[in-house]
Amino acid sequence: MNSVRFDIFERLDKRDQEAVTYFLRLLLNKAKYRRLKEEIEQRRREIQKGDTLSHNEIWDQLDV
C-alpha cells in the first residue's frame with residue numbers, strides 16, 4: 226500500500242511535490258510528534274556517546 230501512495234506522489238509535478246513535502250514537515254513538527262522526535266534525538270546522542278546496552282545487559286535487566 227505504501228508503494229501505491231509513493232507512486233501517486235511521484236506522479237505529482239515538482240511544485241505539488243514540494244507543497245506536499247512542506248505540509249508533511251509541518252505535521253511532523255507538531256506537538257504530538259515532538260515527544261517522539263525528542264526521544265529519537267536523545268537515543269542518537271546516547272549512541273554517539275556509546276551509552277548503549279549490550280544484548281546481555283538488556284536480558285540481565287529484564288531478569289528473564
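Take any residue in the sequence shown, note its place counting from 1, add 225, and you have its number in my numbering. All C-beta atoms in this analysis are idealised placements derived from N, C-alpha and C, irrespective of residue type, glycine included. As the structure is a computational prediction, the values presented were derived from the model and not from experiment.
Would residue i and residue j qualify as a contact pair, given that the criterion is a beta-carbon distance under 8 angstroms?
{"i": "Phe-248", "j": "Gln-242", "result": "no"}
{"i": "Leu-251", "j": "Val-245", "result": "no"}
Within 10 Å of its beta-carbon, does residue i have 16 or more other beta-carbons around it, so buried, or fewer, so exposed?
{"i": "Asp-285", "result": "exposed"}
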